[in-house]
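Just below is one structure, and these are the notes that go with it.
There are 2 protein chains.
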Amino acid sequence: MRNTTTRKTMNPFTPNPELDLVLVRESAVPPELVYQAYTTPELLEQWFCPRPYKAVDWEIELTPGGAFNSVIVSPEGQRFPGAGCILQAVENKTLIFTNAVTAGFRPAINEGEDAFSFTAIIQLEPSGTGSRYTATVMHADAASKHKHETMGFFDGWNAAFDQLIELMSNHT
Amino acid sequence: MRNTTTRKTMNPFTPNPELDLVLVRESAVPPELVYQAYTTPELLEQWFCPRPYKAVDWEIELTPGGAFNSVIVSPEGQRFPGAGCILQAVENKTLIFTNAVTAGFRPAINEGEDAFSFTAIIQLEPSGTGSRYTATVMHADAASKHKHETMGFFDGWNAAFDQLIELMSNHT
């Protein structure tokens, strides 16, 4: 018997408007520098959280199943550790990470009023001398999407990306 | 600045006895046939669930992010759809799938008394003319591991693997 498979799955990059949040940004920062900003602890620390919050103590292993961990620090110094997992890393093109599993693909627990699971697909394309950045953030259900949106997804991710642009525009 | 990463993550294949269930089986079935049994809908239907249960309507896409879906049918004909996702597929060697995310890496919802998330790492090695099969099933916490174990993990996975051996021993 031949090994047969069926292929009914949706393209993972096709967003579902009921469940997903999508942010698109055109900028003068080329794909290589956006990718570098997303995968380098010393740079992530400077842009990933809208100031005055900060994400520190990054642990990143750029391979499927690798860690994508950091600790968010509030202006008052409170620490919120976050554990994620890299699902795909294609240099200068695609980065997929999730908090639904942690390093080594272990299932995560995301319980509580403010908690939800998400998977972020970061896609980078050249655009002129800069890039087009598409962040597709997928959720399990409409309630999680809504929770993420009302927590300020667009303000937060836009402000963070502004910080990335500022940081990488002066980057050599 | 160079792209730097830290590598503090645990090897994904090192089980944690507090959280994981591990089943090892030596058999006369070579790795190629065990892998074929695990990835072919027509074969999975015949062995994946201990009889008289059956897993039907398989949708499999053997690539990271691909579907690993089926419907379990009880002897009374009740249908329980299950959605999973392939995380890694290395022919004849390793298959990793999870129900923590669904096809396209979308986070899954596993709520309710009998529900839990797990990731299964299937490793195959040649052993004589047959194989050594190691199934490492990872959970988010000790409670989920305990739930899975008391639901009959070892009896169920052993009985299913017996069916796989029976099926593939006569397979040409």
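Those protein sequence lines, which keep their order, are chains A and B. Start counting the first sequence at 43; every next residue gets the next number (our numbering). Start counting the second sequence at 43; every next residue gets the next number (our numbering). Glycine included, each C-beta is placed from N, C-alpha and C at the ideal position.
About 6 angstroms separates the CB atoms of Thr161 of chain A and Arg148 of chain B; that is less than 8 angstroms, so the two are in contact. Met210 of chain B has a beta carbon lying at 8 angstroms or more from every beta carbon in chain A. When DSSP states are grouped into helix, strand and coil, His188 of chain A belongs to the helix group.
For the 8 angstroms CB-CB criterion, Asp99 of chain A and Thr178 of chain A do not form a contact. Distance from the Cα of Gly126 of chain A is smallest, within the candidate group A:Glu118, A:Gly107, A:Ser169, for A:Gly107. The beta carbon of Ser116 of chain B does not come within 8 angstroms of any beta carbon belonging to chain A, so the residue lies off that interface. In this structure, the CA atom of Tyr80 of chain B is about 40 angstroms from the CA atom of Arg174 of chain A.
Within the segment 144-165 of chain B, the residues whose Cβ lies closer than 7 angstroms to any Cβ of chain A are, in chain order, Ala145, Gly146, Phe147, Arg148, Pro149, Ala150, Ile151, Ser159, Phe160, Thr161.
Between Ile128 of chain A and Phe139 of chain A the beta-carbon gap is near 5 angstroms, inside 8 angstroms, which marks them as a contact. The straight-line gap separating the alpha-carbon atoms of Leu166 of chain A and Asn200 of chain B is approximately 46 angstroms. With a cutoff of 8 angstroms on beta-carbon distance, Ala97 of chain A and Glu87 of chain A are scored as near each other. Among the bridge pairs identified by DSSP, Tyr175 of chain A is matched with A:Arg67, A:Leu166. Counting only Cβ-Cβ distances below 7 angstroms, Ile138 of chain B has contacts in chain A at Phe147, in chain order.
Taking all protein chains shown into account, His181 of chain A has 16 or more neighbouring C-beta atoms within 10 Å of its C-beta and is therefore buried. Taken in chain order, the unbroken stretches of beta strand (DSSP E) that lie wholly in the segment 102-171 of chain B and span 3 residues or more are 110-115, 121-124, 127-132, 136-140, 160-169. Here the alpha carbons of Ser186 of chain B and Ser159 of chain B stand approximately 8 angstroms from one another. Each residue's CA atom was taken as its position, placing His188 of chain A and Pro59 of chain A some 11 angstroms apart. No Cβ of chain A is located within less than 8 angstroms of the beta carbon of Met193 of chain B. If you ignore the 5 residues before and after Ala145 of chain B, its C-beta comes within less than 6 angstroms of the C-beta of Ala109, Cys127, all in its own chain and listed in chain order.
The continuous alpha helix (DSSP H) containing Tyr80 of chain B extends over residues 73-81. If you ignore the 5 residues before and after Pro117 of chain B, its C-beta comes within less than 8 angstroms of the C-beta of Pro94, Tyr95, all in its own chain and listed in chain order.
In this structure, the beta-carbon distance from Leu137 of chain B to Ile164 of chain B falls below 8 angstroms. Contact annotation: in the segment 173-200 of chain A, residues whose CB is within less than 9 angstroms of a CB in chain B are Met180, His181, Ala182, Asp183, Ser186. Looking at B:Gly170, B:Ala202, B:Asn212, B:Phe195, the one whose alpha-carbon comes closest to that of Ser69 of chain B is B:Gly170. For Gln130 of chain A, the closest Cβ of chain B is nearer than 8 angstroms. For Ala142 of chain A, the chain B residues whose Cβ falls inside 9 angstroms of its Cβ are Thr140, Ala142, Val143, Phe147, Arg148, Pro149, Ala150, Ser159, in order along the chain. Rounded to whole angstroms, the separation of the alpha carbons of Glu133 of chain B and Ala202 of chain B is 21 angstroms. Of the residues assessed, Ala131 of chain B falls on the buried side of the cut-off, its CB having 16 or more other CB atoms within 10 angstroms.
DSSP places Gly194 of chain B outside any alpha helix (DSSP H), giving it a letter other than H or E. Between Met210 of chain A and Val71 of chain A, the gap from beta carbon to beta carbon is short of 8 angstroms.
At a cut-off of 8 angstroms between beta carbons, Pro94 of chain B makes no contact with chain A. One finds nothing in chain A with a Cβ atom closer than 8 angstroms to the Cβ of Pro72 of chain B; even the nearest lies about 15 angstroms away.
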